[in-house]
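Quick notes on the structure that follows.
In our numbering, the protein residues as written are 1300 to 2088.
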């Protein structure tokens, strides 16, 4: 759809203020030194430039066959006719001062009318990519979002920035609905963005038909600029969060021809990415992939014992007392029970889950967001689109269902760029519970199979005590990462990289060669058995097998499929029988990442994407003995996790200084101001000011309107409505800071004087012991006593 003036956007749940978080969070890894400052904030030695963002060398590398158009000079350019308007709107409308990785490139591609798929980590600034173009173009940007609460927060935030935005959903009354339609004039729509759910677009009934007709009229008049789909991975049955209603979005291309489609997500594996393109029927989408790495997050896995609740209390009290955090629980009952247990020992906590009434969930989230309680105990129903930058810990009290879910949930920690901990309490029992739930669920057999495979990968992640946890996650999403970068920063290094339990590197080149030869032999055997239809011009199914199948053959399994194919007769069948399944898959993933194996994604229709392995470009070098493969293994003879959590934990947060205490006091005061303003106007807190902007205010302590407008997220629009009380608050604390600094200066001066006087006394004393001229005698205490006698 390149070159079209219309666009359909698929957006992520993060609001525009997510862009105000620290850029250093999401710069891809480089060989340069990274560290944390005194406040615990992650600093990269190389900052992104204001306009173009990180250099090409800083962009992540993905081993799957997926292009990254963020490298394209056309999309990096600031010489487009609309470039000056982009930069002006960035600052004046959104209150931001620079783009983050891939944002400018994605905005340019959208303004040029391309279909786009934008993959950025949680809090990476996805929403700005379509919101900014929406402000600059005349027509409507349609945004498809999965949750009503997110739509409410998004539209309220946009309105606070004086951006015309609206939503249509089943909870609205007729007056509100008619008000929205009045602003959707097919020839001159006043709204810039309209948020809807997939159900609203495709449901039967007069209400949805009215919406469809309005969109068709806008499209006919070339006023439907783009469609954004939030959480686009939900369209794929291979994703961790498949939603059947999202499948209906496959007809968007047919219903609105020529309208560009923008898909956004934080979690999409190579297989899911391929499936998204097939489902939406995108012919030449532009890809913008940012690094999945969150360098300020510390990953740990600890055993979940019978006294797990006591251990949970111990961890929070010993490491995160008074800090903001999330505890994810298996069930609604668990969430209630854990919150009750934490409160009983003096830790302020609330529960949050789908079994509660809407107003109760809203109250719980509001208490947590405004720091009235520190901890929220929730099921996975909680977290999407939250505006809370200072989450210092995310604890999974039970097993996540997939690595995608784990990544997304842990990604809610440390969005202010400061150090945060992600701790998983792991037990095999929890994974068995999830298997049981999958078995009795209503999904198709295909969906259940995908869910079980995802869970198996999560179990392998938890049980792996040797490989870098950061590397395992990034490899899962198809990104290449050097684990040395994780261990370089001890404060944020994962538990495996900290070397808990001695590790040795074992030469496994022989086994690796056998795996490559096995893959080769399987390909040959299948080619011999295949029909002559391979010469068809259509793309045929590759003569390859999945990683899981090859691992089965290597380990010597005799499944019906293996026996039927005759692969149990292969010479290398069972060569890896003495290896654990975890180590076999670790070896194969290593071969995949390093280019000895290669993954090929094959789309069999729009609903199915299959992943196959074949020999990679470096295979010959290993087979011929030129290369060597080493795999880290634990010296420990037991596969059980350590029983002592205390031994696994390190105190990663520095003690507050007086200045940090003052900043925290200021932040709490600013939150109170925000609450009062929101309450008096009956609007959400985020519509007044984002929590990230309040946090920055407490750190910068602006003393004038000009200084306040330099803060990301503060614009002329929201400052004119709400700015004065915030400014009075920061001015007050700025004065307190000056007094504190003066007192600290006096203390330093006094201390310096004391050191000087002490040094002076020592110097005088030494001189008294010096020899007199012409005499070898010392003027020491003994000489003095003799003189007195």
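Ideal placement from N, C-alpha and C gives every residue a C-beta, glycine not left out.
Close beta carbons around residue 1685, own chain, < 6 Å, minus the five adjacent residues each side: There are no such residues.
Reduced DSSP category for residue 1624 - H, G, I as helix; E, B as strand; rest coil: It is a strand residue.
The beta strand (DSSP E) enclosing residue 1709, as first and last residue numbers: Counting along the chain, residue 1709 falls outside any beta strand (DSSP E), though it belongs to the alpha helix (DSSP H) covering 1702-1709.
At least three beta-carbon pairs within less than 8 Å, the stretch 1958-1966 to the stretch 1988-2007: Output reads yes: the stretch 1988-2007 touches the stretch 1958-1966.
Three-way DSSP call (helix, strand, coil) for residue 1486 in this model: For residue 1486, the three-state secondary structure derived from DSSP is coil.
Cβ shell of residue 1729 (< 8 Å), same chain only, five flanking positions each side left out: Answer for residue 1729: 1603, 1629, 1697, 1698, listed in chain order.
Bridge-paired residues (DSSP) for residue 1899: Answer is 1911, bridged to residue 1899.
Under the three-state DSSP convention, the category residue 1720 falls into: The answer is strand: DSSP assigns residue 1720 an E or B state.
Residue 1528 classed as buried or exposed, judged by whether at least 16 other C-beta atoms fall within 10 angstroms: Here residue 1528 is buried, its C-beta having at least 16 other C-beta atoms within 10 Å.
Best match in 1396, 1761, 1549, 1645 for proximity to residue 1695 [C-alpha to C-alpha]: Looking at 1396, 1761, 1549, 1645, the one whose alpha-carbon comes closest to that of residue 1695 is 1761.
Spatial neighbours of residue 1867 in its chain, beta-carbon cut-off 7 Å, leaving aside the 5 residues before and after: Excluding positions up to five away in sequence, the list reads 1857, 1861.
Per-residue burial, residue 1455 [other beta carbons within 10 Å of its own, 16 or more giving buried]: Flag for residue 1455 reads buried.
Which residues DSSP lists as bridging residue 1602, in chain order: Per DSSP, the beta-bridge partners of residue 1602 are 1725.
contact_flag[the stretch 1878-1886, the stretch 1804-1822] where n(CB pairs < 8 Å) is 3 or more: Three or more beta-carbon pairs drawn from the stretch 1878-1886 and the stretch 1804-1822 are found closer than 8 Å, and the two stretches are therefore classed as touching.
Exposure label - residue 1923; buried when at least 16 CB within 10 Å: Taking all protein chains shown into account, residue 1923 has fewer than 16 neighbouring C-beta atoms within 10 Å of its C-beta and is therefore exposed.
Between the CA atoms of residue 1524 and residue 1308 - distance to the nearest angstrom: Residue placement at residue 1308 cannot be trusted, given a pLDDT of 38 that sits under 50; what the coordinates show is reported in the next sentence. Rounded to whole angstroms, the gap between the alpha carbons of residue 1308 and residue 1524 is 9 Å.
Residues that DSSP places opposite residue 1465 in a beta bridge: The partner list for residue 1465 (beta bridge, DSSP) reads 1493.
Residue 1678 versus residue 1636: straight-line alpha-carbon distance, rounded: Those two C-alpha atoms are separated by around 12 Å.
Range of the contiguous beta strand (DSSP E) that encloses residue 1676: Per DSSP, residue 1676 belongs to the beta strand (DSSP E) from 1674-1677.
Cutoff 6 Å; reference residue 1713; Cβ partners in own chain excluding five residues on either side: Closer than 6 Å at the Cβ level, and outside the excluded window around residue 1713, lie 1595, 1596, 1719.
Whole-number beta carbon distance between residue 2004 and residue 1984, since they are thought to touch under 8 Å: The Cβ separation is near 22 Å, so there is no contact.
Cβ-based burial, residue 1534 [other Cβ within 10 Å; buried from 16]: Residue 1534 comes out buried.
Proximal residues to residue 1488 (C-beta, below 6 Å), its chain only, five neighbours per side dropped: 1439, 1522.
Buried versus exposed call for residue 1551 [16 or more other C-beta atoms within 10 Å across all chains shown]: It is buried - the Cβ of residue 1551 has at least 16 other Cβ atoms within 10 Å.
Exposure label - residue 1870; buried when at least 16 CB within 10 Å: Exposed is the call here.
Spatial neighbours of residue 1944 in its chain, beta-carbon cut-off 8 Å, leaving aside the 5 residues before and after: Residue confidence for residue 1944 is low, a pLDDT of 36 falling below 50, so the modelled location carries little weight and cannot support an answer.
Inter-residue spacing [alpha-carbon to alpha-carbon] between residue 1937 and residue 1794: Per-residue confidence for residue 1937 stands at a pLDDT of 38, beneath the threshold of 50, marking its modelled position as unreliable; the derived number appears in the next sentence. Cα to Cα, the separation comes out at about 17 Å.
DSSP three-state assignment for residue 1440, whether helix, strand or coil: Correct three-state label for residue 1440: strand.
Beta-carbon spacing of residue 2163, residue 2016 below 9 Å: The chain is shown only over 1300 to 2088; residue 2163 falls outside these bounds and no answer can be derived.
Touching by the beta-carbon criterion (3+ pairs, under 8 Å), the stretch 1412-1420 and the stretch 1477-1497: By the Cβ test, the stretch 1412-1420 is not in contact with the stretch 1477-1497, since fewer than three Cβ pairs between them sit closer than 8 Å.
Nonlocal neighbours in the same chain, by C-beta distance under 6 Å from residue 1758, ignoring five residues either side: Counting only residues of its own chain and dropping the five nearest sequence neighbours on each side, residue 1758 has a CB closer than 6 Å to the CB of 1730.
Contacting residues, own chain, Cβ-Cβ under 8 Å from residue 1434 (five flanking each side not counted): Correct list, in chain order: 1388, 1392, 1462, 1491.
Other residues of its chain near residue 1416: CB distance less than 6 Å, five sequence neighbours each side excluded: Scanning its chain for C-beta atoms nearer than 6 Å, with the 5 sequence neighbours on each side dropped, one finds around residue 1416 the residues 1562, 1584, 1586, in chain order.
Contact test: residue 1371 Cβ vs the ligand NAP heavy atom, cutoff 8 Å: For the ligand NAP, the structure offers nothing, since it holds no ligand at all.
Residue 1723 vs residue 1737 beta-carbon contact at 9 Å: No, they are not a contact pair.
Cβ pair residue 1526, residue 1506 closer than 9 Å: For residue 1526 and residue 1506, no; Cβs fall outside 9 Å.
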